Amino acid sequence: MKVHIHVSLKPGVLDPQGRAIHHELEALGFDGVNDVRAGKLIELDVADNTSDDDLDQMCRKLLANMVIENYRIEKLETA
Amino acid sequence: MAFRSAVITFPGSNCDRDMAVALEKVSGSAPQRVWHGDASLPDGLDFIALPGGFSYGDYLRSGAMAARSPIMKSVIAAAEKGVPVLGVCNGFQVLTESGLLPGALMRNASQNFICRDVPLKVENTQSLFTAGYDADEVITIPVAHHDGNFFADDATLDRIEGEGRVAFRYLESCNGSQRDIAGILNSAGNVLGMMPHPERAIEEEHGGSDGRALFENAINGLVRA
């Protein structure tokens, strides 16, 4: 089973990387970009019987830092 | 009794030798060098140091992998028993990632790697690490980091400030840290994490010796005790 873990900074946490990307988009002439937040996508290939709880624990114990980040688990159809 | 310390080396640590030299120069005893994959620490340690560097290439987040390496279980257990633990730079990142210290260290607000001497105010002079400084003393210690931007939520910041756990504060804009925090203590006072490198400031011929008092006080305090 393919699983995508989307890790993003919590609202309110300053994102210097997102800000730099925002400035660069404006410098390239793209108007109307209100905000940019940069996150991470982690692709997992796990056993089909991996439980939701295990996926949740993987995120909490390692993949996301719960002080500054949120995560979202997206299970993809097996290819 | 001889001072017994250990310096933990992770793959990608690069200040472990500097830390070992500082501990040996000040204490007269060479620290034991411990590898991240070791299952346990040497017995009877007086002091554990987590050095600077780029453990595991800063993969995922700075300090994230090192915080979960085999030796850290023993480091966490020792810290919880009261053994002094000093984490510098990447060592501070490992301490926050392992949960021994609150908050997180994010990319510098400027996005730049910052490598220069910075003035610090000593905010807490009660701890084992900081009692060798005068209240509000200003010291100069080098920083060299890309991810030193200390973040915690307001409630956590208020709590650590209220408990006197801010050890050092930047006196000039440095990396965007909340409330200019450069180093913090755990609630028991035996774990200190800081981004500046005191181990690089122990001899005048290397540009300054303001970091020496940290080691002297910790070592003398422990040998006396």
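Keeping their order, the protein sequence lines are chains A and B.
Using my numbering, you'd call the opening residue of the first sequence number 1 and step up by one each time.
Using my numbering, you'd call the opening residue of the second sequence number 1001 and step up by one each time.
For every residue, glycine included, the Cβ atom is placed at its ideal position computed from N, Cα and C.
Keep in mind it's a predicted model, so treat the numbers as computed, not measured.
N-terminal and C-terminal residue of the alpha helix (DSSP H) that residue i is part of
i	result
Asp-1038 of chain B	Unbroken run through Asp-1038 of chain B: none, as it is neither H nor E.
Ala-20 of chain A	16-27
Met-1065 of chain B	1064-1067
Leu-1023 of chain B	1016-1027
Phe-1010 of chain B	Taken as a continuous stretch (DSSP letters only), Phe-1010 of chain B belongs to no alpha helix (DSSP H), as it is neither H nor E.
Asp-45 of chain A	Taken as a continuous stretch (DSSP letters only), Asp-45 of chain A belongs to no alpha helix (DSSP H), being part of the beta strand (DSSP E) at 40-45.
Phe-1092 of chain B	1090-1097
Met-1072 of chain B	1070-1080
Leu-55 of chain A	52-58
Beta-carbon separation (whole angstroms), residue i vs residue j, contact threshold 8 Å
i	j	result
Leu-1100 of chain B	Phe-1092 of chain B	That pair is no contact at about 10 Å.
Ala-1022 of chain B	Glu-1199 of chain B	4 Å
Pro-1051 of chain B	Asn-1190 of chain B	No, Pro-1051 of chain B and Asn-1190 of chain B are not in contact; Cβ-Cβ is about 18 Å, not under 8 Å.
Ile-1184 of chain B	Arg-1165 of chain B	5 Å
Val-1007 of chain B	Ala-1049 of chain B	5 Å
The beta strand (DSSP E) enclosing residue i, as first and last residue numbers
i	result
Ile-1119 of chain B	Correcting the residue identity first, residue 1119 of chain B is Pro in this sequence and not Ile. Pro-1119 of chain B -> beta strand (DSSP E) spans 1114-1122.
Ser-1144 of chain B	Here the sequence assigns Ala to residue 1144 of chain B, which means Ser is not the residue at that position. Ala-1144 of chain B -> beta strand (DSSP E) spans 1138-1145.
Leu-1157 of chain B	From DSSP, Leu-1157 of chain B is part of no beta strand (DSSP E) but of the alpha helix (DSSP H) over 1154-1162.
Glu-74 of chain A	69-75
Ile-1048 of chain B	1047-1050
Lys-2 of chain A	2-9
8 Å Cβ cut-off: residues of chain B touching residue i
i	result
Ala-47 of chain A	Result: empty, since nearest Cβ-Cβ is about 21 Å, beyond 8 Å.
Leu-62 of chain A	Leu-1060, Ala-1064, Arg-1068
Closer than 7 Å at the beta carbon, the chain A residues around residue i
i	result
Gly-1103 of chain B	Val-67
Residue i: contacting residues in chain A (beta-carbon distance under 9 Å)
i	result
Gly-1148 of chain B	Under the 9 Å cutoff, chain A gives no residues; its nearest Cβ is about 12 Å from Gly-1148 of chain B.
Where residue i meets chain A, residues with beta-carbon distance less than 8 Å
i	result
Gly-1176 of chain B	Leu-14, Pro-16
Contact test: residue i Cβ vs the ligand ZN heavy atom, cutoff 8 Å
i	result
Leu-1050 of chain B	By its list of ligands, the structure shown contains no ligand whatsoever, and the ligand ZN lies outside what it can speak to.
Identify each residue in the region 1030-1051 of chain B for which the Cβ-Cβ distance to at least one residue of chain A is less than 9 Å, and report them in chain order.
none
Would you call the region 1110-1123 of chain B in contact with the region 1051-1071 of chain B, where contact means no fewer than 3 C-beta pairs closer than 8 Å?
no
Could you please tell me which residues of the region 12-24 of chain A, in chain order, have their CB closer than 9 Å to any CB of chain B?
Gly-12, Val-13, Leu-14, Asp-15, Pro-16, Gln-17, Arg-19, Ala-20
Please determine if the region 1082-1091 of chain B and the region 1007-1023 of chain B are in contact, where contact requires at least 3 C-beta pairs separated by less than 8 Å.
yes
Short-range partners of chain A found in the region 1152-1174 of chain B, where Cβ spacing is below 9 Å
Ala-1152, Asp-1153, Thr-1156
At a Cβ cut of 8 Å, what residues of the region 1097-1123 of chain B count as close to chain A, listed as they run along the chain?
Glu-1097, Pro-1102, Gly-1103, Ala-1104, Met-1106, Arg-1107, Asn-1108, Ala-1109, Ser-1110, Gln-1111
Counting pairs of beta carbons, one from the region 1026-1035 of chain B and one from the region 1202-1222 of chain B, are three or more of them closer than 8 Å?
yes
At least three beta-carbon pairs within less than 8 Å, the region 63-78 of chain A to the region 23-35 of chain A:
no
Sufficient close CB pairs (3 or more, under 8 Å) joining the region 1119-1126 of chain B to the region 1073-1080 of chain B
no
Okay, do the region 1141-1158 of chain B and the region 1171-1183 of chain B touch, 3+ Cβ pairs below 8 Å being the bar?
yes
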